[in-house]
Amino acid sequence: MRIFDPHIHMTSRTTDDYRAMRAAGVRAVVEPSFWLGQPRTSPHSFFDYFDSLLGWEPFRAAQYGIAHHCTIALNPKEANDPRCFPVLDELPRYLVKDQVVAVGEIGYDSMTPAEDTALAAQLQLAADHALPALVHTPHRDKLAGLRRTLDAVHESALPPDRVLVDHLNETTVKEAKDSGCWLGFSVYPDTKMDEERMVALLRTYGPEQVLVNSAADWGSSDPLKTRRVGDLMLARGFTEDDVDQVLWRNPVAFYGLSGRLALDVTATDATHEGNSVLRGGE
470 MRIFDPHIHM TSRTTDDYRA MRAAGVRAVV EPSFWLGQPR TSPHSFFDYF
520 DSLLGWEPFR AAQYGIAHHC TIALNPKEAN DPRCFPVLDE LPRYLVKDQV
570 VAVGEIGYDS MTPAEDTALA AQLQLAADHA LPALVHTPHR DKLAGLRRTL
620 DAVHESALPP DRVLVDHLNE TTVKEAKDSG CWLGFSVYPD TKMDEERMVA
670 LLRTYGPEQV LVNSAADWGS SDPLKTRRVG DLMLARGFTE DDVDQVLWRN
720 PVAFYGLSGR LALDVTATDA THEGNSVLRG GE
C-alpha cells in the first residue's frame, strides 16, 4: 500500500513518526503552514517557520525516504491578529519556491471580517501564482462555515476544481462535492472523522476527488491514520485500486496541479546547513 498524506504537520512530530510512517507505506507528505499553538507576535516568526518548511523538514523527511512538500499561507486563526497581517505582503516570495505546491491553510476559524479579507487575498494569490489552494473549514458551525467558504471561492478568480476543502464531515460533504471542489477529510483519534465514518462516506459518495489525511500535529492525533483507513477500506470490501486512488492517486492529482510535485526522494547529505537529526555517537 502506497500512501501520500496530503495534510500533516510534521514540524510537530518526531523522527520516530517518520520511521513508523515509512514502515506503514507513507512515501509522500504535504505539510500545510498552520497555527503553532502559541500565538506569533511578529511576521518574522512566520518567515523562520516558512523557511523550516522549505529546508529542514524536507531534509528530515528524506532521511526516512519520504518526499516532503508544503503549502504556505497566513492561517485563518492568526489572520485575526493585526500584528500578523503584514505576512500577506511577503507571501509572494515564498509562493514561487519549488517545494510549495499550494496556498494554504487558508479559510475560516471564527468567520470574522478579517478572515474574509485574508481568504479573498490568498485565493487571489493562488490564482496569480497558478497554484491550487488548501482551504480549512471551521471546527465550529461547520455548515455555515462551508457555505461562507464556497461563496468566497465562487467570488474569486480560482476555479473550484483547484480548491481542496478540508476538514469535511457528514454535514458538509454533499454541498462540498456539489461545488466541484476537491474533498478533504481529517481522521483523528478523538475528534473530526474516524476510520469507520470515513469508510462509510466513501461508500456513499465514492472515491473520486477524495483526499484522506491525518492532519497530525501537536495535539491528540495519529500520523498512521491514513494507513488505518486503507486497511479498513480493504476489510469492508473496497478494492486495492480504490485504496490506491484515495491514498495516492488523488493527492498526486490535486497537488500535481501546481506543476511542482516531485515524488522521487534523492539521496541527501548527512546534515542540513550544518545540522543533523543524529545525536551523540549515532
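In terms of my numbering, the sequence shown opens at residue 470 and continues consecutively. A virtual CB, placed ideally from N, CA and C, is assigned to each residue, including glycine. Note that the structure is predicted; figures quoted are calculated from it, not measured.
With a cutoff of 8 Å on beta-carbon distance, residue 621 and residue 571 are scored as not near each other. Per DSSP, the beta-bridge partners of residue 662 are 656. Taking 8 Å as the cut-off, the Cβ atoms of residue 618 and residue 576 count as close. In the DSSP assignment, residue 622 falls within the alpha helix (DSSP H) that extends over 611-624.
DSSP lists 497 as the bridge partner or partners of residue 473. Counting only runs of 3+ residues, the beta strand (DSSP E) found wholly inside the region 483-542 occupies 495-501, 536-541, in chain order. Boundaries of the alpha helix (DSSP H) around residue 559: 556-564. Per DSSP, the unbroken beta strand (DSSP E) holding residue 682 starts and ends at 679-682. Nearest to residue 669 by C-alpha distance, out of 590, 639, 694, is 639. Assignment of residue 635 by DSSP, reduced to helix, strand and coil, places it in the strand class.
By the 16-neighbour rule on beta-carbons within 10 angstroms, residue 687 is exposed. No Cβ-Cβ contact shorter than 8 Å links residue 584 with residue 615. Under the 10 Å beta carbon count, residue 608 is surrounded by fewer than 16 other beta carbons and is classified as exposed. Judged by beta-carbon spacing, residue 597 lies beyond the 8 Å limit of residue 546, meaning their Cβ atoms are not closer than that value. Between residue 606 and residue 738, the alpha-carbon positions lie close to 38 Å from each other. Here the region 704-721 makes contact with the region 676-684; the two share three or more CB pairs at distances below 8 Å.
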